[in-house]
Amino acid sequence: MAAEDWASLEQGLLHDIFLRFDDDANAAHFRGVCSQWRAAAAGGTGTAFVPRPWLVVYAPEQRRHAWLRPSRRRRRERRRFKRVDGEMSLWLERGGNPAAVWLISVSRGWVAMKHGESHLLRDPVSGDEVPLPSCDPRYELTKVILTDDPLSAASGEWTAFAFLSRHQHNVWPHERRVVFCRAGDDGWTFLDKAIQAQRYRGLEFFQGRAYVLLSNYTVAVGDVVSRSLIATCVDLSHAYHWRHDELLEVSCLVSCGDDLLFVQVTRQVVLRRSCFAFLAGHHHYRDHRRRRFTSKVYKLEFAADGSGVPVGFTKVESIGDYALFVSRRSHAFALPASGFPGVEPNRIYHLVRLRPEVVVCAPWETRRIKPVPLDDLPEPRTQWFPSHWFCPRRPVQVQNTMAAAGAQAAPTMDNAVADDALIDN
């Protein structure tokens with residue numbers, strides 16, 4: 004085929020090819036070939052490309068959610084978050100009562116939510132839904148972790164793991180359980196019959212197996228056949244020494260390329276005294292409290308026999324081209340910066356609990372964090388808090404009029420400007 008014939012390919016074929024891209028870099032390059040390919044990627048409508056991942060913010064008093072995207076910093080400007088496509092309230096899309104809808108967690112581009120008494124997975128971009136089994140009324144579903152995309156998994160072979168919590172009036176801590184369900188199951192199956200920890204810190208599906216981080220920082224392997232957790236000799240509590248002024252923000256397992264990582268973010272409150280009050284004649288110094296965050300990363304080592312049983316761990320100084328996105332409520336994930344221009348390599352993105360702040364730091368780096376501006380949010384802005392990281396399943400495009408609500412107008416089909424202009428905003 005001649006070079007000039009590439010622009011005359013069938014629009015439907017080009018659109019199907021565009022939807023198969025998993026990263027934003029190739030999608031942006033596809034749209035930058037020519038105006039015909041840009042139109043094919045948009046499906047015949049005037050749209051602009053939106054980089055991933057997104058940030059889900061929540062207003063507790065209003066029971067509303069909004070979706071933001073991180074923008075790359077320019078020169079000395081602070082990192083900012085901009086609105087994706089207007090407010091995306093889940094309860095509005097389903098036409099229900101906001102009090103009857105609750106967003107539980109996010110995993111692999113799907114939002115696990117509770118609508119009334121039923122649970123389901125929903126893709127907020129496409130509107131696709133996958134029902135989930137109802138849990139025991141005594142328990143509450145707190146986090147859902149998917150092994151694969153339910154709609155793209157081969158022959159429907161996907162499994163959903165979840166954490167259940169039961170609040171008891173006179174017992175502390177609350178009872179927590181690990182459950183799982185396969186495609187087509189009518190109910191959840193308990194996975195922790197042999198080992199029942201008081202608290203589970205995380206779960207990750209890696210190379211066909213489920214690994215659970217227990218409350219004492221030991222790692223167990225989940226066996227869905229025997230429906231039990233198999234204890235291992237890996238004890239991550241010996242990896243570091245606690246400081247008396249350190250508080251734990253989040254600890255979890257993350258699948259990063261060919262490695263299974265243990266990530267922990269701690270917060271330290273540093274007290275500084277100012278001498279200006281003393282020089283002015285006052286009897287008391289003025290206290291300044293500064294919060295510093297430190298990220299710690301370890302890689303799990305596995306047995307050489309291929310059994311998938313972890314036998315040790317090593318310290319990781321750098322995660323290379325990858326960026327990790329962790330939060331207390333959702334499934335942590337890793338993205339290559341080469342495929343997602345909106346993120347920085349060798350960085351850990353963490354959401355601070357109950358504060359409108361985002362921590363971005365390198366492994367084993369300690370830095371002072373300032374609040375990150377959250378733009379385009381409804382008033383009052385002080386009521387919005389980051390809750391989840393969300394990476395859509397496929398490249399996302401929005402109408403030009405909405406994308407232009409940022410600092411720069413979005414490119415059109417007749418404009419040869421590359422999509423990197425929108426990504427860098």
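Letter 300 of the sequence shown, counting from 1, is numbered 303 in the numbering used here, and no numbers are missing.
Glycine included, every Cβ here is placed at the ideal spot set by N, Cα and C.
Problem set entry | Status (buried if at least 16 other CB within 10 Å, exposed otherwise) for S333 | It is buried - the Cβ of S333 has at least 16 other Cβ atoms within 10 Å.
Exercise. Expressed to the nearest angstrom, what Euclidean distance is found between the alpha-carbon atoms of S231 and L206?
Worked result: Distance from the CA of S231 to the CA of L206, rounded to the nearest whole angstrom, comes to 14 Å.
For this session: Below 8 Å on the Cβ atoms is my guess for W392 versus L58; work out the distance and round it to an integer in Å.
Result: 7 Å between Cβ atoms; contact.
Exercise. From A307 to V182, what distance separates their C-alpha atoms?
Worked result: Roughly 29 Å separates the two Cα atoms.
Exercise. What's the C-alpha gap between P127 and P398?
Worked result: Computed Cα separation, rounded: 13 Å.
Exercise. Where does Q39 sit, in a helix, a strand or coil, going by DSSP?
Worked result: Reduced to three states, the DSSP call for Q39 is helix.
Exercise. Among D262, E368, L250, Y214, which residue has its Cα nearest to the Cα of T150?
Worked result: The alpha carbon of T150 has as its nearest neighbour, out of D262, E368, L250, Y214, the alpha carbon of Y214.
Exercise. Which value, in whole angstroms, describes the spacing of the CA atoms of R125 and E13?
Worked result: Straight across, the Cα-Cα distance linking R125 with E13 is about 31 Å.
Exercise. Considering only the beta carbon of each residue, do E178 and R169 sit closer than 8 Å?
Worked result: In contact: E178 and R169 (Cβ atoms closer than 8 Å).
For this session: Determine the closest residue to A28 out of R72, S341, V300, with distance taken between C-alpha atoms.
Result: Nearest option by C-alpha distance: S341.
Exercise. Measuring CA to CA, which of W191, L239, G159 is closest to V147?
Worked result: The candidate whose alpha carbon is nearest that of V147 is W191.
Exercise. To the nearest angstrom, how far is it from the Cα of D25 to the Cα of R396?
Worked result: Roughly 8 Å separates the two Cα atoms.
Exercise. Contact between the segment 224 to 243 and the segment 299 to 318: three or more CB pairs below 8 Å?
Worked result: Flag = yes, the segment 224 to 243 and the segment 299 to 318 touch.
Problem set entry | Nearest-angstrom Cα separation, counted from V60 out to R331 | If I take the Cα positions, the gap works out to 14 Å.
For this session: State the beta-bridge partners of T269 as determined by DSSP.
Result: Partner(s): L251, T297.
Exercise. In the structure shown, what three-state DSSP assignment does L216 receive?
Worked result: Of the three classes helix, strand and coil, the one that applies to L216 here is strand, per DSSP.
Problem set entry | For D188, the first and last residue of its enclosing alpha helix (DSSP H) | Segment: none, D188 is in no alpha helix (DSSP H) and carries neither H nor E.
For this session: Sort out for me which residues DSSP pairs R111 with in a bridge.
Result: Bridge pairing for R111: absent [DSSP].
Exercise. Since A337 is in the beta strand (DSSP E), which residue starts that stretch and which ends it?
Worked result: Going by DSSP, A337 is part of the beta strand (DSSP E) stretching over 336 to 339.
Problem set entry | C-alpha gap between D195 and P383, whole angstroms | Rounded to whole angstroms, the gap between the alpha carbons of D195 and P383 is 44 Å.
For this session: Compare the beta carbon distance of R180 and F164 with 8 Å and say whether it is the shorter of the two.
Result: At least 8 Å separates the beta-carbon of R180 from that of F164.
Exercise. Shortest alpha-carbon distance to F343 belongs to which of E320, F265, D324, P359?
Worked result: The residue among E320, F265, D324, P359 with its C-alpha nearest the C-alpha of F343 is D324.
Problem set entry | Where the beta strand (DSSP E) containing F208 begins and where it ends | Secondary structure note for F208: its beta strand (DSSP E) is the uninterrupted segment 203 to 209.
For this session: Name the residue from W40, A31, G35 whose alpha carbon lies nearest to the alpha carbon of H18.
Result: For H18, the closest of W40, A31, G35 by C-alpha to C-alpha distance is W40.
Problem set entry | Sheet register partners of H32 (DSSP bridge) | The beta-bridge partner set that DSSP reports for H32 is empty.
Exercise. Counting along the chain, where does the alpha helix (DSSP H) carrying F21 start and finish?
Worked result: Following the DSSP letters along the chain, one finds F21 inside the alpha helix (DSSP H) bounded by residues 14 to 22.
For this session: With A234 as the anchor, note down where its beta strand (DSSP E) starts and where it stops.
Result: 231 to 238 is the span of the beta strand (DSSP E), which, as asked, contains A234.
Problem set entry | Backbone secondary structure at G159 - three-state DSSP | The answer is helix: DSSP assigns G159 an H, G or I state.
For this session: Take D188 as the anchor and find which of Q210, P134, I233, F209 has the nearest alpha-carbon.
Result: Cα-wise, what sits closest to D188 is P134.
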